[in-house]
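Here this note's numbering is used: the first residue of the sequence shown is 7, the next is one more, and so on.
So the structure is just underneath, and the comments pick up after that.
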Amino acid sequence: APFIPAPDTDPGVLMQQLNDKLGAWVRKHPAQWLWVHRRWKN
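Quick look at the structure:
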């Protein structure tokens with residue numbers, strides 16, 4: 007289902023909800039996840 011927040015949702019709450027949805031998706035489909043951020047710079 008698409009993520010459609012209420013228009014008056016607090017930005018902090020909105021980001022937590024979005025991160026929770028993303029985290030659940032990654033746990034369900036780990037092979038489909040690609041980490042593109044350069045986590046360790048050395």
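Beta carbons are placed, not taken as given, at the ideal position from N, Cα and C, and that holds for glycine.
Computed from a predicted model, the values in this text were never measured in an experiment.
Check                                                                        : Outcome
Rounded separation between Trp39 and Leu24 - CA only                         : 16 Å
Cβ-Cβ distance between Pro11 and Leu20 below 8 Å                             : yes
Inter-residue spacing [alpha-carbon to alpha-carbon] between Arg77 and Asp14 : Given a span of 7 to 48 for the chain in the structure shown, any question on residue 77 remains unanswerable.
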